[in-house]
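Residue numbers (full-length UniProt numbering): 1 to 131. Notes follow once the structure below has been shown.
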Amino acid sequence: MLKEELSTLYRAYIDCLNRQEWASLDQFVHADVSHNGRSIGLSGYRSMLEKDFDEIPDLHFYIELLIVDPPSIASRLLFDCTPRGNFLDLPVSGRKVSFAENVFYGFQEGRIRRVSSIIDKAAIEAQISGT
């Protein structure tokens, strides 16, 4: 897959997430997807995303940085949202927080096969502690 094609595919995937169009997720995510080294499959990946949107009703993915080097993508995603209750074991409890997620994707057969993700938990901790 060419850089431009992979970039377009990834942007369509992010749009799919933001629209919560779960029935279309299989167009972007491989049936045997893994997340942070754990094989969860498409159904597990979908459940993870549905849970995220349930716990964070105003969740929206913004692409700040996108680096495409087929068959891989590196992306920095920004979030400005209001999680209910605890988030990442932090007592956010309905406060608006802003943070970034650095994500690396490996594609296979034109779909996301591997996802490695790191969320900037320290940024959230600083906001909820008032520092």
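All residues carry an ideal CB built from backbone N, CA and C; glycine is no exception. These numbers were taken from a predicted model, which means no experiment stands behind them.
What distance in whole Å lies between the Cβ atoms of residue j and residue i, which are believed to be in contact at a cut-off of 8 angstroms?
i: Ile118; j: Glu101; result: 7 angstroms
i: Ser34; j: Arg84; result: Not really, about 28 angstroms apart at Cβ, beyond 8 angstroms.
i: Asp52; j: Leu59; result: 6 angstroms
Are residue i and residue j touching if we call contact CB-CB under 7 angstroms?
i: Arg46; j: Glu64; result: no
i: Phe79; j: Phe104; result: no
i: Pro57; j: Phe107; result: no
i: Leu17; j: Phe87; result: no
i: Asn36; j: Ser93; result: no
i: Val29; j: Arg95; result: no
i: Val68; j: Leu2; result: no
Taking residue i as part of the alpha helix (DSSP H), name the residues at either end of that continuous run.
i: Ser116; result: No alpha helix (DSSP H) contains Ser116, which is instead part of the beta strand (DSSP E) from 111–119.
i: Asp15; result: 3–19
So the beta strand (DSSP E) residue i belongs to, where does it begin and stop?
i: Phe41; result: As written in the sequence, residue 41 is Gly, which differs from the Phe given in the question. It is not in any beta strand (DSSP E) - Gly41 instead sits in the alpha helix (DSSP H) that spans 41–55.
i: Glu64; result: 62–69
i: Arg76; result: 72–81
i: Phe107; result: 97–108
i: residue 205; result: Because residue 205 is not part of the residues shown, which for the chain are 1 to 131, the question remains open.
Say the cut is 6 angstroms; is the CB of residue i nearer than that to a heavy atom of the ligand MN?
i: Asp58; result: In the structure on display, the ligand MN does not appear, and there are no ligands present to speak of.
Who are the Cβ neighbours of residue i in its own chain at under 6 angstroms, not counting the five residues just before and after it?
i: Glu4; result: none
i: Tyr10; result: Ile73
i: Tyr13; result: Phe28
i: Val97; result: Ile124, Gln127
Which same chain residues, not among the five before or five after residue i, have their C-beta less than 8 angstroms away from its C-beta?
i: Glu55; result: Pro83, Arg84, Gly85, Phe87
i: Trp22; result: Arg46, Leu49, Glu50
Kindly list the residues whose CB is nearer than 7 angstroms to the CB of residue i, restricted to its own chain and excluding five residues on each side of it in sequence; keep chain order.
i: Asp26; result: Leu42
i: Gln20; result: Phe53
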